[in-house]
Every structure is written in C-alpha cells, then in structure tokens.
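Enquirer: Sending over a structure as structure tokens; questions will come in a sec.
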Amino acid sequence: MHTQRFEVRTHTRDEMVDITDRVHQAVAASGVKEGTVTVFVPHTTAGVTINENADPDVVHDILAVLDRIVPWRLDVYEHTEGNSAAHAKSSIVGCSKTLPVTAGQMVLGTWQAVYFCEFDGPRGRAFLVTVTGR
Amino acid sequence: MHTQRFEVRTHTRDEMVDITDRVHQAVAASGVKEGTVTVFVPHTTAGVTINENADPDVVHDILAVLDRIVPWRLDVYEHTEGNSAAHAKSSIVGCSKTLPVTAGQMVLGTWQAVYFCEFDGPRGRAFLVTVTGR
Amino acid sequence: MHTQRFEVRTHTRDEMVDITDRVHQAVAASGVKEGTVTVFVPHTTAGVTINENADPDVVHDILAVLDRIVPWRLDVYEHTEGNSAAHAKSSIVGCSKTLPVTAGQMVLGTWQAVYFCEFDGPRGRAFLVTVTGR
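Chains as they are written, first to last, in the numbering used here: chain A, 1 to 134; chain B, 1 to 134; chain C, 1 to 134.
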C-alpha cells in the first residue's frame, strides 16, 4: 500500500491537465505488480477523468459541453460564493477513479490519459494516488 | 478487508445526506492503516458523491442543477414507473466512490464530505463501506 | 489479485450491455472472499455504469436523457472526428466502478446490474475486471 501526493497548477477557470505520467510514476514507485491504482482529488470544485489525449480538441469539447450542461450563471443558484457550477461539475465528473495494475503497470487503453479537471481555476491544486495490491 | 452496511432514511425526493462520520467510523473499525475505502450504494435511483459541507447552499445548487439537466417529466421517457430521472441521475453521479486511507484515516480535503444522494425519496436506504489494505 | 479481460460486441451507436454475469464469473474465478471488484473500460467513447435490469425501458430512458444532455451535433464541437458527444458521455458516466466483494461474491442491490455503456458503436470493445482482497 502506498499513497503519494502530487501538486498541480492550473491556469484558467476550466482546464484538463494530463497527469498520466505522474500516476505511472506512483505505480512504479509503489513496487505493486498486481492490484489497483486510485486517483483521488481532495477538492470540491475539481475532479478526475480518463479520456483521449491524441487530439486536444477532445478536451476542448468535453469542457465546452460541461459548461453548456452546467452554466456558470443560473437563476437557481443560491450559493453566494458564485462557483456552484464548479461544485456541480465536480459531482458529475467525480473526484475518484480506480484503474487496474498488471505486471507493475497501470492499464490504460490506447487513447486514454488521466486528467485532473479544474472547474474553478486558476489555483494551486493537489491529487493523491493510492496503489493497492502486491 | 472489512465491509460494513449502514441504513439511511431520506425525507424528500432529492436529498444529499452527509454520511462522512459513518465512513470514518467504518475505517476506524476496520483497523486498516494504509489502503482504500469504497462507499457503495446498492440502489438504482440513488448515488454517492463527495462535495462541500460548509455552505448548505452548495447541496441545494447541485440538486437544482441535476434537476435542470434531468427533468422529472420528459417526453422521451418510456419507463412506466415514472422515476426515469432518478435512474439517470444515479448513473450520472455514480453509486461508488473510492478514497485513500492513510495513517488509519480516510483522506478528505478540507471542504469535502461524503454524501448519500437520494433521487427518488423519501425511502429507507442503505450503503456499504469496504475498507481494503492493512 | 486477479485481472481478467473480456470482449464485448456492440450493435448500435448508444447501447448498454449487461455484463453482470461476466463480472460475477471473474470474482468467482479469483478465489477472493472479502475485498473489492473494479470494472474498468479501456476506451474513451464508452463507459461503465450500474443500474436497473428489470425493465428495459430504464436503459432506453438513461440513453435518451444522455443524448438530450449531450447532443451528437453541437456548434461548440471542434473535434473533427465527429464523436465529441461520445467522449463527453464517457467522462460523465465514467469508465471505472468499484463494488464490494463479501463471502466470495460481488455485492449488488436487488435491482442492480453492471452495464458496459457504448456511446460510439457499433464496435468490438473490451472491459477489465480486477478483484482485490483475500
């Protein structure tokens, strides 16, 4: 068992930061050969997702759709801090993802990357990587 | 390894019940020091999420946005039970979240709480907490 | 620890394929009595969810709502491959779910089934099942 913490800096309000390499590193450092790796985001206006990293337009389009689904300003919002959309996006995308580890490596599909999702940036953020197994 | 079952009572159609204390208790009772904790909801019209517990307006706004995204009545619905919106919200929010356990404690960010999400209440509900590690 | 790979064939653009039996089989084959099982989808235009399998209209309605939330054609899309909606649905539904294993069996609620979610079919697809514990 092994939990490692990483820092991430975001630069705009909505942003997806590719953290795949750091998750791979944490798995390698854990020495675990067979098990799972959990990526966890300890924030309420951010999340973690897995999606394509080949064409940057995919990231653009995912963030654009989320913004259309959950507009930044809406009559129903009562939270005075003004970032209710970011909280809702966090609950829709989720703040935790678990992936298989086999032969000492996190398993990812050909086109998959792990992304830290910023929904209320720019900010200094963190994420945790826990590797379980043996 | 350790799985514990908890009951939860909901009082309205859409509701987020803070279950953080019970998850903390299950982690403590497991004796696990390093690993993960999974919160699982065995229902198809409910879910589990992690979000802010400081300002209750955040919960209000998340539920209001979900209701806007997935209206209770919609022409496309064919399910005669009339609660298709609750099923869809369950699949959007998800019924399973996994968090790190370090030094014998579930890791949560400063503003994070674990919420049981009711989308078709009021009902008597349950959730399961599984702690893995050592 | 035990990771098993399964193939799945989809037949339409949007489809939910019940994979519950195969996940049960993987848990049984692992010999794990107490722990967790993670279902992981290694694709960026597909996902995995848990929802009702009693009335097929529930699956219809979930797919119809997702299509309403994330329309196939939208002015904001820049990804030239034309399947941005499928990528967004993948990130909304998620590609990983973790469930408890107790007494050698995956725990599911009375009405729950595990579904492979196709959002850009028809295609030949795969999913992975990792069982952890002892």
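Beta carbons: idealized from backbone N, C-alpha and C, even for Gly. Here the structure is a predicted model, which means the values were calculated and not measured.
Just the Cα atoms here: how many angstroms apart are A:H43 and B:R134?
Expert: Along the first sequence, one-based indexing puts residue 43 of chain A at 43. Along the second sequence, one-based indexing puts residue 134 of chain B at 134. Roughly 26 Å between the two C-alpha positions.
Enquirer: Would you say A:W72 reaches chain C, if we count a Cβ-Cβ gap shorter than 8 Å as a contact?
Expert: Within the first sequence, residue 72 of chain A is the residue found at index 72, counting from 1. It does not; no Cβ of chain C falls within 8 Å.
Enquirer: Could you tell me the alpha carbon to alpha carbon distance between C:F127 and A:A85, rounded to whole angstroms?
Expert: Locating residue 127 of chain C in the third sequence gives position 127, counting from the first residue. Locating residue 85 of chain A in the first sequence gives position 85, counting from the first residue. If I take the Cα positions, the gap works out to 32 Å.
Enquirer: Between A:E15 and C:S30, what straight-line distance do the alpha-carbon atoms span, to the nearest angstrom?
Expert: Within the first sequence, residue 15 of chain A is the residue found at index 15, counting from 1. Within the third sequence, residue 30 of chain C is the residue found at index 30, counting from 1. Approximately 39 Å between the Cα atoms of the pair.
Enquirer: Could you give the residue range of the alpha helix (DSSP H) that holds B:L63?
Expert: By one-based count along the second sequence, residue 63 of chain B stands at place 63. It spans P56 to I69 - the alpha helix (DSSP H) in which B:L63 sits, taken as one unbroken run.
Enquirer: Given a threshold of 16 other Cβ atoms within 10 Å of its Cβ, counted over all protein chains shown, does A:T80 qualify as buried or as exposed?
Expert: Here residue 80 of chain A corresponds to residue number 80 of the first sequence, with the count starting at 1. Burial call: exposed.
Enquirer: Would you tell me roughly how many angstroms separate the C-alpha atoms of B:A113 and C:F40, rounded to the nearest one?
Expert: Mapped onto the second sequence, residue 113 of chain B falls at position 113. Mapped onto the third sequence, residue 40 of chain C falls at position 40. Answer to the nearest angstrom: the Cα atoms are 25 Å apart.
Enquirer: Could you confirm whether any beta carbon from chain C is found closer than 8 Å to the beta carbon of A:D61?
Expert: Here residue 61 of chain A is taken as the residue at index 61 of the first sequence, counted from 1. Judged by the 8 Å Cβ criterion, A:D61 is in contact with chain C.
Enquirer: How many Å lie between B:V37 and C:L108 at the Cα?
Expert: Here residue 37 of chain B is taken as the residue at index 37 of the second sequence, counted from 1. Here residue 108 of chain C is taken as the residue at index 108 of the third sequence, counted from 1. The straight-line gap from Cα to Cα measures roughly 17 Å.
Enquirer: Taking buried to mean at least 16 other C-beta atoms within 10 Å of its own C-beta, is A:A26 buried or exposed?
Expert: By one-based count along the first sequence, residue 26 of chain A stands at place 26. So A:A26 ends up on the buried side.
Enquirer: Within 8 Å (strictly less), CB to CB, does A:K97 reach chain C?
Expert: Translated into positions along the first sequence, residue 97 of chain A becomes position 97. Yes, contact with chain C.
Enquirer: What are the partner residues of B:T115, as DSSP defines its beta bridges?
Expert: Counting from one through the second sequence, the residue named residue 115 of chain B turns up at place 115. According to the sequence shown, residue 115 of chain B is Tyr rather than Thr. DSSP lists B:D18 and B:T49 as partners of B:Y115.
Enquirer: Using a Cβ-Cβ cut-off of less than 7 Å, give me the residues of the region 18-49 of chain B that come near chain C, in sequence order.
Expert: Flagged, chain order: T38, F40, P42, H43 and T44.
Enquirer: Would you say B:L108 lies against chain C (beta-carbon separation less than 8 Å)?
Expert: Position 108 of the second sequence, counting from 1, holds the residue named residue 108 of chain B. No, no contact with chain C.
Enquirer: Below 8 Å between beta carbons: does that hold for A:T102 and C:T132?
Expert: Position 102 of the first sequence, counted from the start, is the residue given in the question as residue 102 of chain A. Position 132 of the third sequence, counted from the start, is the residue given in the question as residue 132 of chain C. No, the Cβ-Cβ distance between A:T102 and C:T132 is not below 8 Å.
Enquirer: Given this structure, state the Cα-to-Cα distance separating C:H11 from C:G121, to the nearest angstrom.
Expert: Residue numbering aside, residue 11 of chain C sits at position 11 when the third sequence is read from its first letter. Residue numbering aside, residue 121 of chain C sits at position 121 when the third sequence is read from its first letter. Computed Cα separation, rounded: 6 Å.
Enquirer: Between the Cα of C:A88 and those of C:Y115, C:I19 and C:I69, spot the shortest distance and give me the residue it belongs to.
Expert: Position 88 of the third sequence, counted from the start, is the residue given in the question as residue 88 of chain C. Answer by Cα proximity: C:I69.
Enquirer: By DSSP's criteria, B:P100 is part of a beta bridge. Which residues make up the other side?
Expert: Here residue 100 of chain B refers to the residue found at position 100 of the second sequence. Answer is B:T36.
Enquirer: With a CB to CB cut of under 6 Å and the five nearest residues on each side skipped, what residues in its chain are close to B:V58?
Expert: Here residue 58 of chain B refers to the residue found at position 58 of the second sequence. E52.
Enquirer: Quick check on DSSP: helix, strand or coil for C:H2?
Expert: Residue numbering aside, residue 2 of chain C sits at position 2 when the third sequence is read from its first letter. Strand.
Enquirer: Thinking just about the alpha-carbon of each residue, which of C:P71, C:M106 and C:T3 is nearest to the one in C:T20?
Expert: Here residue 20 of chain C corresponds to residue number 20 of the third sequence, with the count starting at 1. Here the closest residue by C-alpha is C:M106.
Enquirer: Straight-line CA distance for A:A28 to B:G124?
Expert: What you label residue 28 of chain A is simply residue 28 of the first sequence in a count that begins at 1. What you label residue 124 of chain B is simply residue 124 of the second sequence in a count that begins at 1. So the alpha carbons of these two residues sit roughly 44 Å apart.
Enquirer: In the DSSP assignment, find the unbroken alpha helix (DSSP H) run with A:V93 in it and report its ends.
Expert: In the first sequence, counting from the first residue as 1, residue 93 of chain A sits at position 93. Segment S84 to V93, the alpha helix (DSSP H) holding A:V93.
Enquirer: Take B:A54 as the anchor and find which of B:F116, B:C117, B:W111 and B:Y115 has the nearest alpha-carbon.
Expert: Position 54 of the second sequence, counted from the first residue, corresponds to residue 54 of chain B. Comparing Cα-Cα distances from B:A54 to each of B:F116, B:C117, B:W111 and B:Y115, the minimum goes to B:W111.
Enquirer: Alpha carbon to alpha carbon, what distance is there between B:I62 and B:E118?
Expert: Reading the second sequence from its first residue, position 118 is the one you call residue 118 of chain B. Reading the second sequence from its first residue, position 62 is the one you call residue 62 of chain B. Those two C-alpha atoms are separated by around 12 Å.
Enquirer: Measuring alpha carbon to alpha carbon, tell me which of C:G47, C:V65 and C:P100 ends up nearest C:V8.
Expert: If you number the third sequence from 1, residue 8 of chain C lands on position 8. For C:V8, the nearest C-alpha among the options comes from C:G47.
Enquirer: Name the chain A residues whose beta carbon is nearer than 7 Å to that of B:Q105?
Expert: Along the second sequence, read from residue 1 onward, the residue named residue 105 of chain B stands at position 105. Within 7 Å Cβ-Cβ: nothing; B:Q105 doesn't reach chain A, min ~11 Å.
Enquirer: So what does DSSP say about B:V76, is it helix, strand or coil?
Expert: For this step, residue 76 of chain B is matched to residue 76 along the second sequence. DSSP places B:V76 in coil when its eight states are reduced to three.
Enquirer: For the putative contact between A:S96 and B:K33, defined by C-beta atoms under 8 Å, what is the C-beta separation to the nearest angstrom?
Expert: Along the first sequence, one-based indexing puts residue 96 of chain A at 96. Along the second sequence, one-based indexing puts residue 33 of chain B at 33. Incorrect: roughly 20 Å between the Cβ atoms, too far for contact.
Enquirer: Beta-carbon within less than 6 Å of C:V17's beta-carbon, same chain only, minus the 5 sequence neighbours each way: which residues are those?
Expert: By one-based count along the third sequence, residue 17 of chain C stands at place 17. Excluding sequence neighbours, C:V17 sits near V8 and F116.
Enquirer: May I ask you to report which of helix, strand or coil DSSP gives C:V135?
Expert: A query on residue 135 of chain C cannot be resolved here, the shown segment of chain C reaching from 1 to 134 and no further.
Enquirer: Following the continuous beta strand (DSSP E) through B:R125, name the residue where it begins and the one where it ends.
Expert: If you number the second sequence from 1, residue 125 of chain B lands on position 125. First-last of the beta strand (DSSP E) with B:R125: G124 to G133.
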